[in-house]
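The structure appears below as structure tokens.
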Amino acid sequence: MKITEARYLDNGEIHKIALEQMTVRKYENYYKGKLYCPTPACTARVAFCAGRTPYYKTWNLDNHSDNCLHKFDRIPKQIGTYSGEVFIVNISRKRRSDALNEAFRLSQMTDEEIEEAKARRKASRRNKQQETMSNKKIIKPSIQTSLFDGEEEGKLKIRGKNIMKRDVDRITQNDIGKIRLVTGFVEKIELLDNVATFKVMKNGVTIKVLFEEAFVAEPENKAYLNNFHVPKIYIKKRGVAIFNGIGEIRTRDDHLILTVYHGNDFYFDGHNMLRLGFV
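The opening residue of the sequence shown carries number 23 in this note's numbering; numbering runs sequentially from there.
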């Protein structure tokens, strides 16, 4: 979830500073190191990042409180020769969209066609590696994939990892707590306040798709709130639809859960939810 405002403490008084109120000069001269996560009692500091689209991000290596909406885990992973640097990289919207489109295409292919496509990609990667092979020792940072609160790929000039795809019936314990692109068939939609829950299945295995407080609080998701009747009507007409969605896989009471954070991160039959009424 994006941080859209910061908390500033001034002589015991708490002031909320929205992004549109902040400037580079104000931040550098007065607020740098003094801004905190907007969640009450959270001790994580935030930094202001200017640019075409200004944003707040979590201060390097500060941790959010356990009950904070902005909490995430930093888990360094060894990649090649580890440099000691840890980069949390946001997956760009374009890459997420491309991944969803690819997942939908794969869901319409036979097993033989999928294996052929995998073989072609593997051969292509092998050729690229041979072309760029060098005896020079490369020092690499640890790169962790995120949907929010990380650095933008373009700004860092570092490409985040690909989103791993999982059919509902292929989810394993290793996927729990990770960002995954999940594919299955929407069997049921239950409206819940201004959002909904989806029941997605494949080969007898079910995952529940949730849109929790972080989704509701994200300003970019405003157009989706109170519009979940659109996919419900679509499913009622079609009977079933292919679901592709990006989010965090969790478990609750031994049941699989996919928590979605962005309205653009899930498709029905290859379409964004808001376009279903025109299909």
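All residues carry an ideal CB built from backbone N, CA and C; glycine is no exception. In this text, all values refer to a predicted model and were calculated from it rather than measured experimentally.
{"Query": "Considering only the alpha carbon of each residue, which of T228, Y283 and G299 lies closest to Y256?", "Result": "G299"}
{"Query": "In chain order, what residues of the same chain have a beta carbon less than 7 angstroms from the beta carbon of D291, not counting five sequence neighbours either side?", "Result": "A263 and I264"}
{"Query": "What's the C-alpha gap between I39 and A236?", "Result": "20 angstroms"}
{"Query": "Residues in its own chain within less than 8 angstroms of S119 by CB, not counting five upstream and five downstream?", "Result": "N286"}
{"Query": "May I ask you to report which of helix, strand or coil DSSP gives A66?", "Result": "coil"}
{"Query": "On the DSSP bridge list, what partners appear for H293?", "Result": "F290"}
{"Query": "Could you check if L213 is buried or exposed, using at least 16 other CB atoms within 10 Å of its CB as the buried criterion?", "Result": "exposed"}
{"Query": "Examine the Cβ distances between the region 267 to 284 and the region 226 to 233 and report whether three or more of them are shorter than 8 angstroms.", "Result": "yes"}
{"Query": "Count the other CB atoms, across all protein chains shown, that sit within 10 Å of the CB of E270; report buried if there are 16 or more and exposed otherwise.", "Result": "buried"}
{"Query": "Work out the CA separation of H92 and K42 for me, nearest whole Å.", "Result": "Reading off the sequence, residue 42 comes out as Glu, not Lys. One C-alpha to the other measures close to 20 angstroms."}
{"Query": "Measuring alpha carbon to alpha carbon, tell me which residue in L122, A139 and F288 is nearest P253.", "Result": "F288"}
{"Query": "Please confirm whether V190 and I136 have their CB atoms less than 7 angstroms apart.", "Result": "no"}
{"Query": "How many angstroms separate the CA atom of A66 from the CA atom of G199?", "Result": "21 angstroms"}
{"Query": "Which residue marks the beginning of the beta strand (DSSP E) containing A245, and which one marks its end?", "Result": "Where A245 is concerned, there is no enclosing beta strand (DSSP E), given that its DSSP letter is neither H nor E."}
{"Query": "Which class does K116 belong to by DSSP, given the choice of helix, strand or coil?", "Result": "helix"}
{"Query": "For V222, which of F70, G261 and D133 has the nearest alpha-carbon?", "Result": "G261"}
{"Query": "Would you kindly report the start and end of the unbroken beta strand (DSSP E) that includes K224?", "Result": "V217 to K224"}
{"Query": "Have a look at M44, P62 and F94 and flag the residue whose alpha-carbon is nearest the alpha-carbon of C71.", "Result": "M44"}
{"Query": "Does chain C have any CB closer than 7 angstroms to the CB of N184?", "Result": "Among the chains of the structure shown, chain C does not appear; only one protein chain is present."}
{"Query": "If you follow the alpha helix (DSSP H) that V252 is part of, which residue opens it and which one closes it?", "Result": "H251 to R260"}
{"Query": "Identify the continuous beta strand (DSSP E) that holds E212 and give its terminal residues.", "Result": "I201 to L214"}
{"Query": "Ignore the nearest five residues each way along the sequence and tell me which others in I126's own chain have a CB closer than 7 angstroms to its CB.", "Result": "The sequence shown places Phe at residue 126, not Ile. I264, N266, Y289 and G292, listed in sequence order."}
{"Query": "So, is T80 buried or exposed, given that buried needs 16 or more other C-beta atoms within 10 angstroms?", "Result": "buried"}
{"Query": "So, at 8 angstroms on beta carbons, what are the nonlocal neighbours of I185 in its own chain, with the 5 sequence-adjacent residues on each side left out?", "Result": "I113, R117, R118, A121, T167, I201, R202, L203 and I268"}
{"Query": "Taking P60 as the reference, give the member of G206, M131, M295 and R29 with the closest Cα.", "Result": "R29"}
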